[in-house]
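Offset between the sequence shown (1-based) and UniProt numbering: plus 14.
Positions of the beta carbon are idealized from the N, C-alpha and C atoms, including for glycine.
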Amino acid sequence: DPTLAVRGLTVRYGETVALDGVDLAVGDGEFVAVVGPSGCGKSTLLRVLSGLEGRFEGDATVDGTDVREGGSDDVGMVFQEPRLLAWGDVRENVAIGLPADVDRDDPAARDRVDDLIETVGLDGFEESRPDELSGGMAQRVSLARGLAYDPAVLLLDEPFSALDRLTKHEQQDHLLDVWADRGTTVALVTHDVEEAAYLADRVVVLGGRPGTVETVVDVDADRP
Ligand code: ADP
Ligand code: ADP
15 DPTLAVRGLT VRYGETVALD GVDLAVGDGE FVAVVGPSGC GKSTLLRVLS
65 GLEGRFEGDA TVDGTDVREG GSDDVGMVFQ EPRLLAWGDV RENVAIGLPA
115 DVDRDDPAAR DRVDDLIETV GLDGFEESRP DELSGGMAQR VSLARGLAYD
165 PAVLLLDEPF SALDRLTKHE QQDHLLDVWA DRGTTVALVT HDVEEAAYLA
215 DRVVVLGGRP GTVETVVDVD ADRP
């Protein structure tokens, strides 16, 4: 069974049809990038899969479980907008991503959080508040939070959009390392076709004619 699957997925917001009969399946350990023009429903697709959007027609499952029944709790989501807690520092904002049963004051948990912060290049900013960070730094806090509990499935919505080119490449390569090491199933949404082709096993295009999802690139990638 695919790890992520939608069938006949339709989402309407009033008169707007955000998704119109979309079918997509992502296998275990696969890295799929979803590209398409602004407004074609990419974010909506991830919100459905993460259980944040309950008003839809059709089927959506994660690990074979209907998302309306809670789906899988082993899903990490990184939003396009970082959505950081304004009153928490970087460390607290990353720690939110740890599993609920982990004691955040435990030394191992603190080490894990500090390692994640270092990985996204924010060592030295552990005690900074979101309003002291640039947009790109906030986005990296959000990435670290999404990776914090090592989820089996990662749903990433434009996770690199606010990063400068060098930082973007570093973080893209880090994501590939996580994916390769952990066998994570990844669905990444982006408007950047080059980014999609660089990262993913398979690139699908959403949008265009109603109900179409087409695989445009199916690479057996030779990654650096
Ligand atoms: P993308 O991520 O590809 O830019 P979205 O999934 O954000 O696309 O949006 C798809 C369509 O649905 C757009 O026309 C958008 O305006 C509309 N839409 C998305 N979310 C909402 C919402 N909560 N309320 C009303 N319209 C929405
Ligand atoms: P160009 O060399 O044509 O200016 P860039 O260096 O901006 O292109 O890279 C284009 C895209 O290719 C980037 O958005 C990125 O997704 C991908 N890419 C290229 N090289 C790397 C790399 N070493 N690490 C991560 N991504 C890369």
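Around the beta carbon of T79, a 10 Å sphere encloses fewer than 16 other beta carbons of the protein chains shown; the residue is thus reported as exposed. The beta carbon of T58 sits closer than 7 Å to at least one heavy atom of ligand 1. The three-state reading of DSSP puts Y212 in helix, counting H, G and I together.
Bounds of the alpha helix (DSSP H) holding V104 are 104 to 109. By the beta-carbon neighbour count (other beta carbons within 10 angstroms, threshold 16), R69 is exposed. Taken atom to atom, the span from the alpha-carbon of F174 to that of E208 is near 13 Å. Of the candidates D42, L59, M151, the residue whose Cα lies closest to the Cα of V49 is L59. Taking 7 Å as the cut-off, the C-beta of G53 counts as close to a heavy atom of ligand 1. For D125, the enclosing alpha helix (DSSP H) covers residues 121 to 133. When the alpha-carbon of D164 is set against those of R61, R216, G41, A114, the nearest one is in A114. Counting only runs of 4 or more residues that sit fully inside the stretch 25 to 94, the alpha helix (DSSP H) segments are 56 to 63, in chain order. D187 sits in a helix when the DSSP states are folded into three classes.
Per DSSP, reduced to three states, the secondary structure at G160 is helical. Annotated as distal: L220 and V200, with beta-carbon spacing of 8 Å or more. Scanning its chain for C-beta atoms nearer than 6 Å, with the 5 sequence neighbours on each side dropped, one finds around V25 the residues A32, L33, T58, F70, in chain order.
Contact between the stretch 88 to 98 and the stretch 149 to 158 is present: three or more C-beta pairs spanning the two stretches fall below 8 Å. N107 and G53 have their C-alpha atoms some 29 Å from each other.
By the criterion of a C-beta distance shorter than 8 Å, E44 is surrounded in its chain by T17, T199, V200, D215, R216, once the five residues flanking it on both sides are discounted. When the five nearest sequence neighbours on each side are left out, the beta carbons in the same chain lying within less than 7 Å of the beta carbon of S64 are those of V89, M91, L169, in order along the chain. Distance from the CA of L202 to the CA of G138, rounded to the nearest whole angstrom, comes to 29 Å. If you draw a straight line from the Cα of L98 to the Cα of L147, it is about 11 Å long. The Cβ neighbour count for R105, taken over all protein chains shown within 10 Å, is at least 16; the residue is labelled buried.
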